[in-house]
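K.L.:
The structure that follows is given in the form of structure tokens.
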Amino acid sequence: MNFSECLFLLAVITSAAHANDALDAVSFMEGRWRFVSTFFENGAWGTPQEPKEAVTERTLGDAFIRMNLPVTFPGATFQFEMTLSYDRFNQVYRLAVLDDLNGFMDMYSGQMKNGVLTMTNVETGTAFPDGKGGLVFGKLELHKTADGFQLHGFVSSAPEGPFENYMKMAFTAEPTAK
Numbered sequence: 004m005n006f007s008e009c010l011f012l013l014a015v016i017t018s019a020a021h022a023n024d025a026l027d028a029v030s031f032m033e034g035r036w037r038f039v040s041t042f043f044e045n046g047a048w049g050t051p052q053e054p055k056e057a058v059t060e061r062t063l064g065d066a067f068i069r070m071n072l073p074v075t076f077p078g079a080t081f082q083f084e085m086t087l088s089y090d091r092f093n094q095v096y097r098l099a100v101l102d103d104l105n106g107f108m109d110m111y112s113g114q115m116k117n118g119v120l121t122m123t124n125v126e127t128g129t130a131f132p133d134g135k136g137g138l139v140f141g142k143l144e145l146h147k148t149a150d151g152f153q154l155h156g157f158v159s160s161a162p163e164g165p166f167e168n169y170m171k172m173a174f175t176a177e178p179t180a181k
């Protein structure tokens, strides 16, 4: 192995460690959770939905964090899979959100700042059609709470915003079976 190959290998190993450090920053998501979804309606937070259960775990050699969960929207319940990674080559978090009702894969990307991971689908090309010829852009904020974590969703009809409240999901540790 020549010197430049050694440098390349060292760079790959170092960036892989950085990617793991970045995922460790959101490892608070791992585990079994009970969560409650609440939607923003008519200028106020609506009635919280019935609690549901979610499981979040590392996958594919700990390179990704995957969450499976049912989400009840007004009129329908979707099964979601969310897979989070850290792109060590471009220094950005990426989140794939898949649902079983539409067969849609929504992609988000963003950064961690002050303990809040903020991601949008503005630059990913996966904004959702609004049914009137326009698009709905999404923004997600993920942060740790005293007893779990919260995922807060925002929407906008314009890529530059403003983004308005759409939903929030509060996750708390699921009690262990006795």
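So the sequence shown is numbered by my numbering: it starts at 4 and just counts up by one.
For glycine and all other residues, C-beta sits at the position ideal for the given N, C-alpha and C.
Which of the three DSSP states, helix, strand or coil, is assigned to Asp65?
P.N.:
Correct three-state label for Asp65: coil.
K.L.:
What does the alpha-carbon distance come out to for the pair Glu163 and Glu126?
P.N.:
Answer to the nearest angstrom: the Cα atoms are 11 Å apart.
K.L.:
Using only the alpha-carbon positions, how far apart do Leu98 and Gln52 sit?
P.N.:
Cα to Cα, the separation comes out at about 24 Å.
K.L.:
For Trp48, which option in Ser159, Ala173, Tyr169 has the closest C-alpha, if you only look at C-alpha atoms?
P.N.:
Per the Cα distances, Tyr169.
K.L.:
So, is Lys116 buried or exposed, given that buried needs 16 or more other C-beta atoms within 10 angstroms?
P.N.:
So Lys116 ends up on the exposed side.
K.L.:
Leu104 and Phe131: beta carbons closer than 8 Å?
P.N.:
Contact flag unset, no.
K.L.:
Can you say whether Met172 is buried or exposed, counting buried as having 16 or more other CB atoms within 10 angstroms of its CB?
P.N.:
So Met172 ends up on the buried side.
K.L.:
Look at the alpha carbon of Phe140 and the alpha carbon of Thr129, and state the distance between them as a whole number of angstroms.
P.N.:
If I take the Cα positions, the gap works out to 8 Å.
K.L.:
Applying the 10 Å Cβ sphere with the 16-neighbour rule, what's the burial state of Gly113?
P.N.:
So Gly113 counts as buried.
K.L.:
Report yes if the C-beta distance between Leu87 and Val158 is below 8 Å; otherwise report no.
P.N.:
The answer is no: Cβ separation not under 8 Å.
K.L.:
Do Met122 and Leu138 have their C-beta atoms within less than 8 Å of each other?
P.N.:
It is not a contact, given that the beta carbons lie outside the stated cut-off.
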